[in-house]
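Below is one structure, written out as structure tokens; comments come after it.
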Amino acid sequence: TSGEKFSKRERDVCVGSLQQAGCSATEIVGFLAHSAGLIERPEPATPADLLPGFSLEGLKAADTRVDPLSLLR
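Residue numbers (our numbering): 407 to 479.
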């Protein structure tokens with residue numbers, strides 16, 4: 407799918423519900439980092455893992471749409 411805006415205001419999927427469904431925190435961080443253009447593949451990562459390669463230039467300039475339910479597949 408093309409994904410949806412990840413919005414608390416709209417009561418979309420929250421981190422807690424992803425964790426309850428079996429996703430680890432590192433899987434969620436890696437998925438979001440990949441969606442933002444910080445890493446090449448969606449793989450488990452901690453925020454500390456991402457710091458050495460972090461650059462504002464690496465972030466996507468456009469709105470990022472994600473399909474958080476793809477973590478459950």
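C-beta atoms are modelled at their ideal positions from N, C-alpha and C, and glycine is treated no differently.
For residue j and residue i, the rounded distance between their alpha carbons
i	j	result
T452	I434	9 Å
S476	P458	27 Å
L465	R471	13 Å
P474	R447	15 Å
T432	L478	14 Å
T407	A427	Residue confidence is low: T407 scores 41 on pLDDT, short of 50, so the model does not pin down where it sits. No coordinate-derived value is stated.
G436	D455	9 Å
F460	L438	14 Å
Spatially closest choice to residue i from the options, by CA coordinates
i	options	result
G443	D473, R479, L462	L462
D469	F437, S441, C429, T432	S441
Cβ-based neighbour list, residue i, same chain, cut-off 7 Å, excluding 5 preceding and 5 following
i	result
S430	P450
Residue i - containing alpha helix (DSSP H), residue span
i	result
E433	431-441
G423	Per the sequence shown, the amino acid found at residue 423 is Ser instead of Gly. Residues 421-426.
Sequence-distant residues of its chain with Cβ nearer than 8 Å to residue i (five each side left out)
i	result
A467	none
Cutoff 8 Å: residue i Cβ touching any chain B Cβ
i	result
D469	Protein chains in the displayed structure number just one, and chain B is not present.
Cβ pair count under 8 Å reaching 3, the segment 419-429 against the segment 450-464: no
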